[in-house]
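In this text, residue positions in the sequence shown follow my numbering: the first is 6, and each later residue adds one.
Even glycine gets a Cβ: it sits at the ideal position worked out from N, Cα and C.
Structure first, then comments.
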Amino acid sequence: MRELDEVGELYQEIILDHCKNPRNGKVLEEAQIEARGYNPFCGDEVAIQLKLRDGNVEEVGFQGRGCSISQASGSMLSELLRGKTLEDAERLTEVFRKLMRGEEFTEEELQELGDLSALSGVRKYPIRIKCALLAWTALEEGIERSRSEGG
Ligand code: ZN
6 MRELDEVGEL
16 YQEIILDHCK
26 NPRNGKVLEE
36 AQIEARGYNP
46 FCGDEVAIQL
56 KLRDGNVEEV
66 GFQGRGCSIS
76 QASGSMLSEL
86 LRGKTLEDAE
96 RLTEVFRKLM
106 RGEEFTEEEL
116 QELGDLSALS
126 GVRKYPIRIK
136 CALLAWTALE
146 EGIERSRSEG
156 G
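Following this line, the structure appears as structure tokens:
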């Protein structure tokens, strides 16, 4: 996994753990939100399903293949979003994007990202930012689509 040389040793372990043991890999039937993403640069693919109950994310499904950064990010997303609202999901997407772009964020926001903060080293490699953001961008589109469909 050559690309991991780029993120700094401190974080490799967390990222590798998510790659080797992706969380929430089960495909969710009857999900209210479904999203897919594709990154032609390294052929990364992700699929995400969210099952909602009373406005909160009850269950998350994540499947994918591709580079370790894209897959770790998706696995982390699936862990982080459980119990959150869709508004939380959108806000967290923005926070993660700020982290990737090297924009300012608060310590509190960083805490909220949990394991995702391990991907902070990726921002030094612009071409990899797409990998890290793939699952998040896909989810954001999925949420928007479900709203426009009135669902
Ligand atoms: Zn990638």
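If we define contact as Cβ-Cβ less than 7 Å, is residue i a contact residue for chain C?
| i | result |
| --- | --- |
| SER151 | No chain C appears in this structure, which consists of one protein chain only. |
So, is residue i buried or exposed, given that buried needs 16 or more other C-beta atoms within 10 angstroms?
| i | result |
| --- | --- |
| SER153 | exposed |
| GLN76 | buried |
| THR111 | exposed |
| ILE134 | buried |
| GLY88 | exposed |
| ASP49 | buried |
| ILE74 | buried |
| ILE132 | exposed |
| ASN26 | exposed |
| GLY147 | buried |
| VAL65 | buried |
| GLY79 | buried |
| GLY71 | buried |
Check for me: the alpha helix (DSSP H) holding residue i runs from which residue to which?
| i | result |
| --- | --- |
| SER153 | 131–153 |
| SER83 | 73–85 |
| PHE101 | 91–106 |
| LEU115 | 112–117 |
State yes or no: is the C-beta of residue i nearer than 6 Å to some heavy atom of the ligand ZN?
| i | result |
| --- | --- |
| CYS72 | yes |
| CYS24 | no |
| ASP49 | yes |
| SER80 | no |
| SER75 | yes |
State the CB to CB distance for the pair residue i and residue j, rounded to an integer number of angstroms; the pair is presumed to be in contact (CB under 8 Å).
| i | j | result |
| --- | --- | --- |
| ALA143 | VAL51 | 6 Å |
| ALA36 | GLN54 | 4 Å |
| GLY155 | ARG128 | Rounded, the Cβ-Cβ distance is 37 Å, inconsistent with contact. |
| LEU85 | LEU97 | 7 Å |
| GLY42 | ALA140 | 6 Å |
| GLY119 | MET81 | 7 Å |
| ARG102 | LEU138 | 7 Å |
Sequence ranges, beta strand (DSSP E) only - wholly within the stretch 30–63, length at least 3: 38–44 and 49–58
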